[in-house]
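According to this note's numbering, the stretch in the sequence shown is residues 1248 to 1491, in order.
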Amino acid sequence: MGQTSIITGQHVRLEQTAASVLQRSVAWGIDLAVLFASQLLVWPLLLAVNTFTHSDEATLILAFVLEIALSSYPLLMEVFNHGQTLGKRLLSIQVIRLDGTEPSVSDSLTRWLLLLIDFFYFIIGLVFIIFTKNSQRLGDLAAGTTVVKKHQYGELYFDLRDYEFASKNYHPQYKEAARLTPGQADLIQRSFWVDNWDLKYRLQSRLATKTAEWLQVDMGKHSDASFLRKVLSDYHYYESISAE
């Protein structure tokens, strides 16, 4: 399975597993099934409206509105569901930008507009996914996005402990933390966002060892996670006072 490189805003490279052609195809199959089932519900509704109103014009207008809504399903789902349609959610894959952030509305709109080419001329989308560096279909290339396995990308969340440095009585433990670069601090922060516990444990173990060596400090009795969190808090503390 291919790897795709995610470059964060602080220029940190994160290697992610790209969604396979099979995963993307199955996700699309599920989405098509949803659209087909929706179509089965539309026709009885249109028939009922026509019977009630006796107006072909009203029925045609309603049919047009409903068809637009149905065709917008991929766009609306990805915009309001963090880059996931129902099919992508069931396959645990999601659309993200190449900088690791969620796609914007314009990104999703670009992907949706080019879906006409990628899907209806299926071989084009397939060739691009197989042979591009970051497994991108034509719509992804235009929008600067890709599709990755969600369980490796993780969820972004905030923890109040990340803001301990902002308290009035905060006392830093590692003055050496001021030597961290924004990219190093960002990488440490992202290790807390990994939702695979085994992966998180192994990643933080390596990061803690490397960080202690880089800063030339003793971890003491801290666990890997608590050491990294303390170093990160100290880094933010020194960053905040240097900005004053």
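Just so you know, even glycine gets a beta-carbon here, dropped at the ideal spot from N, CA and C.
Quick caveat, the model's predicted, so the values are computed rather than measured.
Identity of the residues DSSP links to residue i by a beta bridge
i	result
Thr1348	Looking at the DSSP assignment, Thr1348 forms no beta bridge with any residue, so it has no partner.
Val1342	Val1394
Ala1284	DSSP lists no partner for Ala1284.
Residue i and residue j closer than 8 Å at C-beta
i	j	result
Ile1343	Thr1392	yes
Tyr1484	Leu1427	no
Gln1341	Val1273	no
Leu1293	Ala1310	yes
Ala1424	Leu1388	no
Asp1278	Thr1348	no
Ile1435	Leu1373	no
Same chain, Cβ closer than 6 Å to residue i, neighbours up to 5 away in sequence not counted
i	result
Ser1438	Leu1450, Gln1451 and Leu1454
Arg1358	Gly1386 and Ala1390
Asp1354	Ala1390 and Thr1392
Three-state secondary structure (DSSP) of residue i
i	result
Ser1436	In the sequence on display, residue 1436 carries Gln and not Ser. Helix.
Thr1392	strand
Thr1332	coil
Thr1264	strand
Thr1255	Its pLDDT being 45, under 50, Thr1255 is placed unreliably by the model, and nothing is read from it.
Asn1297	helix
His1418	coil
Val1464	coil
Lys1380	coil
Val1441	coil
Thr1428	coil
Ser1302	coil
Leu1407	Low local confidence applies: a pLDDT of 44 at Leu1407 is under 50, so the model's placement there is unreliable, with the coordinate-based value given in what follows. Residue state, collapsed to three classes: helix.
Own chain residues within Cβ distance below 7 Å of residue i, not counting five before or after
i	result
Ile1371	Ile1364, Asp1365 and Leu1385
Lys1447	Ser1438 and Val1441
Gln1420	Lys1477 and Asp1481
Assumed close pair residue i, residue j - CB separation to whole angstroms, cut-off 8 Å
i	j	result
Leu1313	Val1296	Incorrect: roughly 10 Å between the Cβ atoms, too far for contact.
Gln1286	Leu1323	With a Cβ gap of about 16 Å, Gln1286 and Leu1323 do not count as contacting.
Ala1459	Met1466	5 Å
Lys1477	Thr1264	With 8 Å as the limit, Lys1477 and Thr1264 do not qualify as a contact, their Cβ atoms being about 31 Å apart.
Residues near residue i in its chain [Cβ-Cβ closer than 8 Å; skip 5 each side]
i	result
Leu1360	Gly1386
His1329	Gln1341 and Glu1349
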